[in-house]
Amino acid sequence: MSVEILMPALSPTMEEGTLSKWLVKEGDKVVSGDLIAEIETDKATMEVESVEDGTIGKLLVMEGDESIKVNAPIAILLFDGEALPVELPSKEKKEEDEINVQVVSNNKLKEVDLEVKAEFKNEVPSIIKENNIIKKSKRIFSSPLARRIAKLKNIDITSVLGSGPNGRILKIDIESLSDNNNLKIETSLNINDNFEIVKNTTMRKTIAERLVKSKNEAPHFYLSLDCNIDKLLEIRTSINSKSNNDFKISVNDIIIKTVSASLIKVPKANASWENENTKYFKNTDISVAVAIDGGLITPIVRDVQSKGLMSISLEMKNLSSKAKEGKLLPEEYVGGSFSISNLGMFGIKEFSAVINPPQGAILAVGAGEQRPVVINGQISIATIMTVTLSCDHRVVDGAVGAEFLSAFKEYIENPALMLL
Amino acid sequence: MNKNDFDLIVIGGGPGGYVAAIRAAQLGLSVTLIEDKHLGGICLNWGCIPTKALLRASEIKHLLDNVSDFGFSVSNIKMDINKITKRSRDVAAQLSSGIKHLLKKNKVNVIDGFAYLDKKENEKKIVIVKLKNIDKTLKLSSKNIIIATGARSRNLPFVSSDAINIWDYKTAMTPPKLPSSLVIIGSGAIGMEFASFYSDLGVKVTVIEALNSILPNEDHDISQIVASNFKKRGVDIKVNATLKSISNNPNQVISEILSNGKTETINSEKLILAIGIIANTEKLGLEKYNIKLDRGHIVTDQWLETSEKGIYAIGDVTQGPWLAHKASHEATLCVEKIVGLDNLHPIDKTSIPGCTYCRPQVASIGLTEKVAKANKIDIKVGKFPFVGNGKAIALGDSEGLIKTIFNKNTGELIGAHMVGPEVTELIQGFSIAKKLETTEYELMHTIFPHPTLSEAMHESVLDAYDQAIHY
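Encoded structure:
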């Protein structure tokens, strides 16, 4: 029997993805483990492997097809000597299909019963079962009339905000959209002399959605502190001088370690908001923002509290190069208890970052620069780095945030204390 | 807080006002309702409800007149108009006391008296109440006021009702005896319901309509069917006809009618004025605030707020259509907006159903064919007559039509117009369809029970897409 290759869920939050490239064509023989397609998810581009041996009978989606729902069939794999089934699954169920069964006899009833079972089987794809992650895809509520008008006007209904009960999309929501001429531009690629319209990638949209959610839901407040990092720079130079080029510890690596140590000292800052509960993390899994082509991603250095600078440094290097190639695995960027965003390398003096939900705080790190400082009534010169903590006030109160920052300052100004 | 200060004061206890008060109490507001005459307003006391009780009686009379069709023969049927009107009054009284109970249950503070607005004090609006039965006034204050004072029937410049020969709705609902003949000026819902009632009870009725068809707001096909039915029953219908003058004599009314350039006189024992309503805005102190009126009715925005912030108006005192269910819906919307609930939508006037309970009944929602065409909407029209409906034939009541109008491009149901048996109970199906924004597809694929009158709704939809089965 032929099998359908389904759109895999490549991360727990993935609901749909773009098939960016087919790596096989119809008629190709594949063995289990062969790469068959590249899929662009909300986070990265990933390759999909075949889980069976066989021949690619039919590709059901085109390269570049967007918004393919998780679990939708994308190709048909035939086993040896098999022909293509006559009735191919359609990419999207037509609405007419939904009420086409009329039970007339007991025989017929059995058939229908079997069909239902078979369909049900298809709905739980192996990949999802293996990971034990079952995620309901978000249902979009919309009126039949709204759907009809959206279709006529070529509007993607999933991008429309509904004003009805439970966000149900109504006729008025579509009509108020289509009054706006911008919408047409959004659905087609347009270039003119004064501007260029670039279609938003799935990643861009995910970033937008998460940031808006964060700013809408998490009441942000900000705490800033100047840190003298002269001692830190000394230690760094001395460590790196002993490396024989085996490793090179960066300021950022030390900041990761320092954040971890500060979170262990002030565990209340290592928390996330979960509506009914507040989650306090025991480990320090530090998400570090990495700029990549077309966006950013936050790979996680896990269990930093039990790692030394060398392994943090190697891990960070590895994660950041994978991130830039778009090859991070979901478990390498989903989760994390606290984030760091460092724009010091661009010479930014100080900034405040948007919290990475559902985490409770993010530390924005500016550049270390020589500034005049007053110590005991004397002006002298020190390397100062300004850090700004953005806190979600629902979980991290002002005093907790301040306590965390002062622990951070103490550690970063006296790195030797972290040895204790 | 001052015990005379409230979150909301509602002036008027009709289907707009009492619903607003109850909804406000449900949402936790402290609310006072002030009613001058009778809780339940005109609707319950002198409108919708008592007339339905009367029409039930005339419907029974109609059945008795045709009882032989069903295999019975009865003789010596006697009718007592006083008993008919007493039953109608009892029905109204029962419901009015029910409203009192509902308000009490919801902890609404109810005051019997006449309320009017006074100048703002400390940013609060002031309401003065002249108490009923005691020579005393109360001073209340609130941030929010809802005016729900309703309307009353309109008179003509040269003739007012005298409750003897020239009747308004009240006298028409409680006639001391049946007149032999009756002229009804105006063929809207009220005029046609009285025409139906009195003609079924054997009164010689003439209906005078200034526009070119009776029930002028209904779809033309529907009006035509109603007109031909009434004519068959012996009701004289004169359209494009206006009343020029009236001579009110002790035993008869002589009406001078101008019709198609010709003047004629009609003699009748009584005459009913059913030519519309005027809003009750007098003596309310509206002039102390910036409240705009248009042709006597209070102007509001889509959330029922008048041009004065914090003062709202709902129901018949505002713009039409003047229907009790519109008033009640405005009441909840207005209160929910005051409280600031999410996901509220202004009332879509094309989604307010309208019903006329004459025989045959008329019910409609949305645009008529004429209005749809005038708005240049590309339409598909379906029609199904009740003569093709099994249940209607079995009931012995198969005169009527269901007409549906769809937007040809989007499949939106933009209008439904019905005349025939129990259509006032059927129309809600189309109201729900419109609210849920179904297209023809969902309606066509809905299973309607057999045998019911509702199957005619289904067939009408099918007919719009040339798929009707039984016609």
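Just so you know, the sequences run in chain order A and B. In this text, residue positions in the first sequence follow the numbering used here: the first is 22, and each later residue adds one. In this text, residue positions in the second sequence follow the numbering used here: the first is 41, and each later residue adds one. C-beta: ideal position from N, C-alpha, C; glycine also.
Using a Cβ distance threshold of 8 Å, residue 350/B and residue 184/B count as a contacting pair. Pairing residue 443/B with residue 411/B gives a Cβ-Cβ distance that is not under 8 Å.
For residue 358/A, the nearest beta carbon of chain B is not closer than 8 Å to its own beta carbon.
Three or more Cβ pairs drawn from the region 184-197 of chain A and the region 379-398 of chain B lie within less than 8 Å of each other, which places the two stretches in contact. Proximity of chain A to residue 385/B at the Cβ level (cut-off 9 Å) is accounted for by 184, 185, 191 and 193, in chain order.
Of 350/A, 370/A and 439/A, the smallest CA-CA separation from residue 325/A is found for 439/A. The beta carbons of residue 153/B and residue 169/B sit about 4 Å from each other, so the pair counts as a contact at 8 Å. In this structure residue 400/B is buried. Its beta-carbon is surrounded by 16 or more other beta-carbon atoms within 10 angstroms. Excluding sequence positions up to five before and after residue 93/A, its CB lies within less than 6 Å of the CB of 28, all in the same chain and listed in chain order. Residues 375 of the same chain have their beta carbon placed closer than 7 Å to that of residue 232/A, with the five preceding and five following residues left out of the count.
As computed with DSSP, residue 67/A is found in a beta bridge with 60/A. Each residue's CA atom was taken as its position, placing residue 77/B and residue 393/B some 28 Å apart.
Contacts between residue 169/A and chain B, judged by CB atoms closer than 7 Å, involve 450, 451 and 479 in chain order.
At least 8 Å separates the beta-carbon of residue 297/B from that of residue 319/B. Listed by position along chain A, the residues whose Cβ is nearer than 7 Å to that of residue 476/B are 164.
Contact of residue 482/B with chain A is assigned, a C-beta pair being separated by under 8 Å. CA-CA distance, residue 220/B to residue 377/B, rounds to 52 Å.
In the DSSP annotation of this structure, the continuous segment of the alpha helix (DSSP H) that includes residue 57/B starts and ends at 57-66. Here residue 334/B has 359 as same chain residues with Cβ atoms under 8 Å from its own Cβ, once five neighbours each way along the sequence are excluded. Taking 8 Å as the cut-off, the Cβ atoms of residue 407/B and residue 331/B do not count as close. Residue 354/A carries a helical assignment under DSSP once its states are collapsed to helix, strand and coil. Listed along chain B are 449 and 450, each with a C-beta nearer than 8 Å to that of residue 173/A. Between residue 427/B and residue 67/B the beta-carbon gap is near 49 Å, outside 8 Å, which marks them as no contact. Between the alpha carbons of residue 161/B and residue 205/B lies a distance of about 49 Å. Contact between residue 373/A and residue 310/A does not hold, since their C-beta atoms are separated by about 13 Å, which reaches or exceeds 8 Å. A contact is defined here as three or more CB-CB pairs under 8 Å, and the region 133-145 of chain B meets this definition with respect to the region 84-94 of chain B. DSSP, reduced to helix, strand and coil, places residue 446/B within a strand of the structure shown.
Sixteen is the threshold: since fewer than 16 other Cβ atoms of the shown chains lie within 10 Å of the Cβ of residue 490/B, the residue is exposed. Between the alpha carbons of residue 44/B and residue 367/B lies a gap of roughly 27 Å. A distance below 6 Å between beta-carbons, with the five flanking residues on each side excluded, links residue 329/A to no residue of its chain. If you compare the alpha carbons of 36/A, 412/A and 50/A with that of residue 235/A, the shortest gap goes to 412/A.
Here residue 367/A is exposed: its Cβ has fewer than 16 other Cβ atoms, across all protein chains shown, within 10 Å.
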